[in-house]
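Peer 1:
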Amino acid sequence: MAPRENDNKPPKDEQPAATQREWERLWEQGDDSGGEGGGSTKEGVGPEGERDADADTEAPEAAVDAPAEVPDASGDTDAEAREGRTAADSPEPAPTVDNAAQAPTPVRGTTDEPAPSHSHDHDHDHDHADGSTATHSHTHPHLDDERVAAVRRVAAAGRRWRTVQLAGCAALLAVAMTAGAIAMGAAKDSGATGVAAASSAVSPELLASGSLDASIAALQAHLRTQPKDFDGWATLGLAYVEQARTKGDPSRYPQAQAAFQRSSKISPGNENALEGRAALAAARHEFKEALTYADQVLKENPYSERALCSRIDALVELGRYADASKAADLADTRKPGVPVFTRYAYVHELRGDVTTARRVLEQALAAATSPGDISYVAGTLGQLAWNQGDYKTALDDYGRALAADENYLPALEGRARTQAALGDRADAIKGMELVVSRYPLPQPLVELGELYESRGAEGDKAKADDQYALVDAWIALARANGVNADLDTALAAADHGDAKSALKAARAEWARRHTVHTADALAWALHVNGLDKEALPYARRATATNYHNASFIYHLGIIELATGHKADGRAHLTKALKLNPGFSPLGASKARKALEATK
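Per my numbering, the very first residue in the sequence shown carries number 2; after that it's consecutive.
1) Among Thr-546, Ile-559 and His-549, which residue has its Cα nearest to the Cα of Ala-536?
2) What number of angstroms, rounded off, separates the C-alpha of Asp-53 from the C-alpha of Leu-423?
3) If you measure between the beta carbons of Leu-574 and Ala-592, is that distance less than 7 Å?
4) Does the beta-carbon of Arg-225 have 16 or more other beta-carbons within 10 angstroms, so that it is buried, or is it exposed?
5) Keeping to the same chain, check which residues put their C-beta closer than 6 Å to that of Ile-476; ignore five residues upstream and five downstream.
6) Report, in whole angstroms, the separation of the C-beta atoms of Leu-238 and Ala-421, which I expect to be a contact under 8 Å.
7) Have a look at the DSSP bridge pairing and note the partners of Ser-376.
8) Under 7 Å, do Gly-320 and His-515 count as touching if we go by C-beta distance?
9) DSSP on Ser-268, reduced to helix/strand/coil?
10) Report the residue from His-556, Asp-533, Ala-404 and His-518 whose alpha carbon sits nearest the alpha carbon of Glu-318.
11) Could you name each continuous beta strand (DSSP E) segment of 3 residues or more that falls completely within the segment 425-464, going from the start of the chain to the end?
12) Quick one: Cα of Tyr-440 to Cα of Trp-234, how far?
13) Please identify the residue among Gly-483, Leu-435, Arg-513 and Ala-522 whose C-alpha is closest to the C-alpha of Ser-502.
14) Judging by CA-CA distance, which residue of Ala-545, Glu-561 and Asn-550 is the nearest neighbour of Leu-527?
15) Count the other CB atoms within 10 Å of the CB of Gly-249; is the residue buried (16 or more) or exposed (fewer)?
16) As a quick exercise: from Asn-482, Val-447 and Asp-533, pick the residue whose alpha carbon is nearest that of Ala-493.
17) What span of residues does the alpha helix (DSSP H) with Lys-327 cover, start to end?
18) Among the residues of its own chain, which have a CB less than 6 Å from the CB of Ala-540, if the five just before and after it don't count?
19) Within a Cβ cutoff of 6 Å, which residues of the same chain sit near Ala-116, ignoring the five residues on either side of it in sequence?
20) Mind checking whether Leu-396 and Thr-381 have CB atoms under 7 Å apart?
21) Quick one: using the 10 Å Cβ neighbour count with 16 as the cut-off for buried, is Arg-1 buried or exposed?
22) May I ask you to report which of helix, strand or coil DSSP gives Ala-367?
23) In this structure, does DSSP put Gln-389 in helix, strand or coil?
24) Can you say whether Tyr-304 is buried or exposed, counting buried as having 16 or more other CB atoms within 10 angstroms of its CB?
25) How is the alpha helix (DSSP H) around Asp-230 delimited, first residue to last?
26) Please go through the same chain and pick out, in chain order, the residues whose beta-carbon is closer than 6 Å to the beta-carbon of Ala-479, but skip the five residues on each side of it.
27) In this structure, how does DSSP classify Ser-305 when only helix, strand and coil are distinguished?
28) What did DSSP end up calling Pro-586 once you bin it into helix, strand or coil?
29) Would you kindly work out how many angstroms separate the C-alpha atoms of Glu-414 and Asp-473, rounded to a whole number?
30) Is the distance from the Cβ of Thr-602 to the Cβ of Lys-534 below 7 Å?
31) Using a threshold of 7 Å, state whether the C-beta atoms of Ser-376 and Ala-405 are closer than that.
32) First and last residue of the alpha helix (DSSP H) that includes Ala-545?
33) Between the C-alpha atoms of Cys-310 and Val-355, what's the straight-line distance to the nearest angstrom?
34) Note down the Cα distance separating Pro-347 from Ala-329, rounded to an integer number of angstroms.
35) Hey, would you say Arg-278 sits closer than 7 Å to Tyr-254, going by beta carbons?
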């Protein structure tokens with residue numbers, strides 16, 4: 002089953018209304034830097050994410066930095082080549098490494114990243130995409146300063162022109178994400194190791210041998226001389242998926258799609274392209290399609306690690322937990338290793354079996370050898386401990402992750418979250434500001450906003466509002482590049498946005514998949530809209546697997562109080578605070594106040 006065209010295209014009444022000219026005017030008036038980033042914006046960020054993954058036509062280029070025509074080996078431009086050759090005969094133009102939003106990023110490949118739900122489950126999805134992901138980000142401080150300055154201009158411009166806020170913020174955030182791109186060419190780590198561009202059968206494993214950006218540059222050069230290398234196109238697509246996820250930049254997804262299309266056109270049904278399409282579908286929250294692609298690969302190669310992991314991820318995200326458990330057992334038998342171990346642990350955590358989850362993760366950490374694997378597994382252990390309110394262990398685990406990679410963002414975020422739970426708000430804010438400056442995704446943006454609100458100093462309310470406005474900007478940018486962002490919308494808008502929008506998004510997401518996360522999001526959206534009786538069954542369903550998530554339990558307790566179930570409500574609020582007393586800077590305080598009010 003091929004992905005459905007425009008599956009995630011926002012309804013007409015939700016699509017950004019601003020024209021390209023309005024975006025340009027907004028950028029010119031909202032940015033006084035006069036920097037070169039404005040030129041990238043004027044290349045155009047389309048408000049729609051139309052696509053067809055199986056079409057022979059090429060997918061839209063990434064919106065942020067539309068590439069120039071690239072000469073192929075014969076010296077012809079792509080435009081000339083299309084006149085006399087088929088698409089398979091000349092390489093797809095692609096952005097150069099100088100257009101990367103951050104400095105080189107080492108990865109092992111997509112299978113080492115957590116499932117898209119891990120971000121929500123481990124409080125790193127708001128993506129954690131879908132995603133929170135195991136992000137290995139190495140940035141230069143002065144470039145981070147440029148990027149965060151550009152990000153701050155997004156919120157300021159959004160406040161001044163509310164009528165075009167979403168479209169304008171999306172365009173400006175795209176620029177903010179690449180604010181240091183031009184300087185990056187001179188500032189790149191000269192010690193980064195690239196991928197040799199000589200092989201005619203480029204393997205995805207080559208991405209592990211050096212920095213991601215250098216690998217992409219090498220692949221692009223290779224494909225200009227070997228445009229019929231279908232494995233090379235598939236590898237480039239996987240690299241774009243990784244680049245999108247590790248940098249929080251969904252504008253890379255259309256480029257990944259185009260690369261997979263090219264690979265499949267040259268060699269229909271090839272394994273690497275199908276694995277890549279599964280990864281791309283999951284990253285865009287198209288989990289039924291991800292499952293279909295994974296199953297196609299496993300039919301031909303039952304031992305494909307990427308497909309085995311993609312299948313587990315898809316089943317989890319579709320709420321098919323019993324099937325996900327069986328898939329994890331099968332993957333553990335066929336391809337044991339860090340990617341499978343972490344997913345196996347997560348499936349058990351969802352079912353409340355924290356003991357098994359931690360034991361498996363400790364085994365995975367013992368087997369890990371690369372800094373990327375060590376930081377990812379140790380960071381996952383830290384998140385598991387934090388979920389249980391074991392803050393000392395969480396700090397130890399995050400410390401292990403950062404010892405392997407001092408710039409590992411999920412560990413930096415987790416450490417800041419733990420510091421906040423321990424009452425060290427100053428260090429927590431400092432740490433979360435660093436994370437947001439490098440990785441402006443919904444979850445850390447919301448967390449930083451709530452930290453500002455809980456501090457309550459002069460100007461903190463405006464600072465918090467800036468973070469929440471940037472969540473809207475990220476969501477608009479994600480939708481423009483084909484990502485289904487309804488869960489992110491529901492989670493953020495319920496507490497810090499428009500209640501009706503939160504409910505609309507939550508209902509849409511529930512129609513697609515029934516997970517504990519979508520059940521919780523729908524329950525809370527119904528609650529903030531005053532529909533508590535309708536919310537209660539969803540809140541109970543969110544906690545039915547015994548997943549130890551204090552936020553879910555808190556939501557259930559509040560909804561039970563609102564529906565007259567005083568004893569149950571008090572019991573669940575007490576349970577949430579006992580499990581993880583610092584689960585949220587604002588939520589934990591509200592839970593305590595609710596308990597006091599019902600004495």
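Just so you know, even glycine gets a beta-carbon here, dropped at the ideal spot from N, CA and C.
Note that the structure is a prediction, hence the values are computed from the model and not measured.
Peer 2: Short version:
1) Ile-559
2) With a pLDDT of 40 at Asp-53, under the threshold of 50, the modelled position of this residue cannot be trusted; read the value that follows with caution. In a straight line, the C-alpha of Asp-53 is about 48 Å away from that of Leu-423.
3) yes
4) buried
5) Ala-486, Asp-489 and Thr-490
6) One point to set straight first is that residue 238 is Gly, not Leu, in the sequence displayed. With a Cβ gap of about 38 Å, Gly-238 and Ala-421 do not count as contacting.
7) Partner(s): none; Ser-376 has no beta bridge.
8) yes
9) coil
10) His-518
11) none
12) 27 Å
13) Ala-522
14) Glu-561
15) buried
16) Val-447
17) 322-335
18) Ala-524, His-556, Leu-557 and Ile-560
19) Confidence is the limiting factor: at Ala-116 the pLDDT is only 41, short of 50, which leaves the residue's position unreliable, though a coordinate-based value still follows. Answer for Ala-116: Asp-314 and Val-317, listed in chain order.
20) no
21) Since the first residue shown for the chain is 2 and the last is 600, residue 1 is missing from the structure and cannot be characterised.
22) helix
23) coil
24) exposed
25) Where Asp-230 is concerned, there is no enclosing alpha helix (DSSP H), given that its DSSP letter is neither H nor E.
26) Pro-251 and Ala-486
27) coil
28) coil
29) 20 Å
30) Beyond the ends of the chain as shown, which are 2 and 600, falls residue 602; an answer cannot be given.
31) yes
32) First-last for Ala-545: undefined, no H or E at that position.
33) 20 Å
34) First, the residue type needs correcting, since residue 347 is Tyr and not Pro in the sequence shown. So the alpha carbons of these two residues sit roughly 10 Å apart.
35) no
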